[in-house]
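Residue numbers (our numbering): 30 to 425.
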């Protein structure tokens, strides 16, 4: 018999799409994948070499639960240099991916009947993580017309005496929005005044374009820092998705609680990945610049093409590697007798007629939109958007 928590959980739509695409691939169908949320670059060679060296030296045993000291020291240095944040190694716990760091955080601070505010559109797992903890997700929508910026007034209205935290993600998946310093400061003030935590997922922090700048909310004041748990990792900036390495940083009592949870869940993260993580942070950083330059070209092309398609609106967002165009003007239209009712129908239509894979916006609490990832070659993006435009012309 499954538990109520499992029955109450909605499976990840993005993972489900990936599984379906693997089946199509086995059947020989050429699909251009705009659904994937991971870099299309290989892990930099120096990082892989550090892992090979760890293997050769027999660094294959359990590590301390919170992560090896060498890695936590490298994270301390990175936080100071990149984010203007002063922490000690005991403020950090390293986990098996940023996703585990997020779940550890939620389990450490959220209980039954607590409320956690989530600006939407949001990543598919946030809501389910909150529900698994027994807490209640409180969704506060942001407006595409404002570039998906935080709506501080709506957040203020959503605060109750049960509010335990707000979970934010900047740069944002799925929208690509980068939250401004001014909005983050106002949000921080709300957290301090109303005594709730900020869980700040900053996994895409390096992926910003056109002079945009990422701001860590914990850096804005000592009071805000005391209310913030920052989540980060290696998967996006260093193309290390399969290495499963992330971390959380925050007040020592919360980090200790997360460490205790992790000690019973998985123990320490992968020893070899941790050595690779040390090299990622302390070694050459040129690979990041190369990726950002290439992503920037793709982003510019994709947004310009989408904005030129009749019936689509797409904000000029500056972060991550996603755009989230509004496609609701196509709802109610049909092809071959089938009516497009929502983003799921439109995504299935594009998969069938254009052989491109996108993610329905409903997966992210954005029913009027689809998410398109540009972690794909510019050649594939040009081909895929061309296919999309032709397919949409079939709808009447």
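No residue lacks a Cβ here, since even glycine has one placed at the ideal position from N, Cα and C. On a predicted model such as this, the values are computed, not experimentally measured, just so you know.
Check whether the region 412-419 and the region 52-65 are in contact - that is, three or more C-beta pairs closer than 8 Å.
Segments in contact, yes.
Starting from residue 168, follow the beta strand (DSSP E) in both directions and report where the run begins and ends.
By one-based count along the chain shown, residue 168 stands at place 139. Looking at the DSSP string, the run of the beta strand (DSSP E) that includes residue 168 is 165-170.
Beta strand (DSSP E) segment containing residue 278, residue limits
In the chain shown, the residue the question calls residue 278 occupies position 249. Residues 275-278.
Output yes or no for whether 8 Å exceeds the beta carbon distance between residue 210 and residue 232.
Counted from its first residue, the chain shown places residue 210 at position 181. Counted from its first residue, the chain shown places residue 232 at position 203. No.
Considering just the uninterrupted stretch of the beta strand (DSSP E) at residue 254, what are its terminal residues?
One-based indexing of the chain shown puts residue 254 at position 225. First-last for residue 254: 251-255, but that is the alpha helix (DSSP H), not the beta strand (DSSP E).
Buried or exposed (CB count within 10 angstroms, at least 16 for buried), residue 189
To locate residue 189, count along the chain shown from 1; it is residue 160. Burial state of residue 189 is exposed, judged by a 10 Å Cβ sphere holding fewer than 16 other Cβ atoms.
If you check the beta carbons only, do residue 237 and residue 200 fall under 8 Å apart?
Position 208 of the chain shown holds residue 237. Position 171 of the chain shown holds residue 200. Taking 8 Å as the Cβ cut-off, residue 237 and residue 200 qualify as a contacting pair.
Could you check if residue 297 is buried or exposed, using at least 16 other CB atoms within 10 Å of its CB as the buried criterion?
In the chain shown, counting from the first residue as 1, residue 297 sits at position 268. Burial check for residue 297: the Cβ neighbour count within 10 Å reaches 16 or more, so the residue is buried.
Let's test the definition: count the other Cβ atoms within 10 Å of the Cβ of residue 346 and tell me whether it reaches 16, buried, or not, exposed.
Position 317 of the chain shown, counted from the start, is the residue given in the question as residue 346. The Cβ neighbour count for residue 346, taken over all protein chains shown within 10 Å, is at least 16; the residue is labelled buried.
Going by C-alpha to C-alpha distance, which of 320, 380, 198, 292 sits closest to residue 69?
Numbered from 1 along the chain shown, position 40 holds the residue referred to as residue 69. Residue 320 is the option with its Cα nearest to residue 69.
Buried or exposed by the 16-neighbour rule on C-beta atoms within 10 Å, applied to residue 196
Locating residue 196 in the chain shown gives position 167, where the first residue counts as 1. The residue in question, residue 196, is buried, as its Cβ has 16 or more Cβ neighbours within 10 Å.
Distance between residue 343 and residue 270 (C-alpha atoms, nearest Å)
If you number the chain shown from 1, residue 270 lands on position 241. If you number the chain shown from 1, residue 343 lands on position 314. Rounded to whole angstroms, the separation of the alpha carbons of residue 343 and residue 270 is 28 Å.
Please confirm whether residue 356 and residue 406 have their CB atoms less than 8 Å apart.
Locating residue 356 in the chain shown gives position 327, counting from the first residue. Locating residue 406 in the chain shown gives position 377, counting from the first residue. For residue 356 and residue 406, no; Cβs fall outside 8 Å.
For residue 368, count neighbouring Cβ atoms within 10 angstroms of its own Cβ and tell me buried if that reaches 16, exposed if not.
In the chain shown, the residue the question calls residue 368 occupies position 339. Counting Cβ neighbours within 10 Å, residue 368 comes out exposed, since fewer than 16 surround it.
When the Cα of residue 349 is compared with those of 234, 130, 285, which residue comes out closest?
Translated into positions along the chain shown, residue 349 becomes position 320. Nearest C-alpha to residue 349: 234.
Expressed to the nearest angstrom, what Euclidean distance is found between the alpha-carbon atoms of residue 207 and residue 30?
Position 178 of the chain shown holds residue 207. Position 1 of the chain shown holds residue 30. The C-alpha of residue 30 is placed about 43 Å away from the C-alpha of residue 207.
Is any heavy atom of the ligand NAD found at a distance shorter than 7 Å from the C-beta of residue 375?
Because no ligand of any kind appears in the structure shown, any question about the ligand NAD cannot be addressed here.
For residue 149, the three-state DSSP class (helix, strand or coil)
On the chain shown, position 120 is the one that residue 149 refers to. Reduced to three states, the DSSP call for residue 149 is strand.
In the DSSP output, which residue or residues are listed as bridge partners for residue 32?
Here residue 32 refers to the residue found at position 3 of the chain shown. Its beta-bridge partners do not exist; DSSP assigns none.
Is it true that the CB of residue 183 sits closer than 8 Å to the CB of residue 226?
Locating residue 226 in the chain shown gives position 197, where the first residue counts as 1. Locating residue 183 in the chain shown gives position 154, where the first residue counts as 1. Not closer than 8 Å, so no.
Write down every uninterrupted run of the beta strand (DSSP E) in the region 349-425 whose length is 3 residues or greater and which is fully enclosed by it, in chain order.
With a minimum length of 3 residues, the continuous beta strand (DSSP E) runs that stay inside the region 349-425 are 399-402.
With residue 303 and residue 92 assumed to form a contact (beta carbons below 8 Å), what rounded beta-carbon distance in angstroms separates them?
Along the chain shown, one-based indexing puts residue 303 at 274. Along the chain shown, one-based indexing puts residue 92 at 63. Indeed, because the Cβ distance is near 6 Å, the residues count as touching under 8 Å.
The beta strand (DSSP E) that contains residue 194, what's its start and end?
Looking up residue 194 in the chain shown gives position 165. It spans 192-198 - the beta strand (DSSP E) in which residue 194 sits, taken as one unbroken run.
Simplified DSSP assignment, three categories, for residue 311
Counting from 1 along the chain shown, the entry for residue 311 is found at position 282. The answer is helix: DSSP assigns residue 311 an H, G or I state.
Go ahead and pull the three-state DSSP assignment for residue 230.
Residue 230 sits at position 201 when you count from the first residue of the chain shown. Strand, per DSSP.
Boundaries of the beta strand (DSSP E) in which residue 77 is found, first to last residue:
Translated into positions along the chain shown, residue 77 becomes position 48. Looking at the DSSP string, residue 77 is not in any beta strand (DSSP E); the run it does join, the alpha helix (DSSP H), is 74-85.
Validate contact between the region 278-289 and the region 81-89 using beta carbons, cut 8 Å, 3 pairs
Judged by Cβ distances under 8 Å, the region 278-289 makes no contact with the region 81-89, as fewer than three pairs qualify.
Can you tell me where the beta strand (DSSP E) with residue 123 in it begins and where it stops?
In the chain shown, counting from the first residue as 1, residue 123 sits at position 94. If you look at residue 123, you'll find it in the beta strand (DSSP E) that goes 121-124.
Simplified DSSP state of residue 241, which is helix, strand or coil
To locate residue 241, count along the chain shown from 1; it is residue 212. For residue 241, the secondary structure class from DSSP, reduced to helix, strand or coil, is coil.
Between residue 158 and residue 291, what straight-line distance do the alpha-carbon atoms span, to the nearest angstrom?
Stepping through the chain shown from its first residue, residue 158 is reached at position 129. Stepping through the chain shown from its first residue, residue 291 is reached at position 262. When rounded, the distance between both Cα atoms is 15 Å.
In this structure, what does DSSP give as the bridge partners for residue 144?
Counted from its first residue, the chain shown places residue 144 at position 115. The partner list for residue 144 (beta bridge, DSSP) reads 165, 192.
Run the CB neighbour count on residue 186, radius 10 Å, all protein chains shown included, and call it buried at 16 or more, exposed below.
Taking the chain shown and counting its residues from 1, the one referred to as residue 186 is at position 157. Under this definition residue 186 is an exposed residue.
Reduced DSSP secondary structure (H/G/I, E/B, other) of residue 306
Within the chain shown, the letter at position 277 stands for residue 306. Note: residue 306 maps to helix in three-state DSSP.
Extent of the continuous alpha helix (DSSP H) to which residue 221 belongs:
By 1-based counting over the chain shown, the position of residue 221 is 192. Residue 221 -> alpha helix (DSSP H) spans 210-223.
Which same chain residues end up closer than 7 Å to residue 417 when comparing Cβ atoms and leaving out the 5 residues on each side of it in sequence?
Walking along the chain shown from the start, residue 417 turns up at place 388. For residue 417, where only same-chain residues beyond five positions count, the Cβ hits under 7 Å are 379, 383, 385.
Relative to the C-alpha of residue 194, which residue among 178, 154, 148, 204 is closest?
Here residue 194 corresponds to residue number 165 of the chain shown, with the count starting at 1. When each option's Cα is compared against that of residue 194, the closest is 148.
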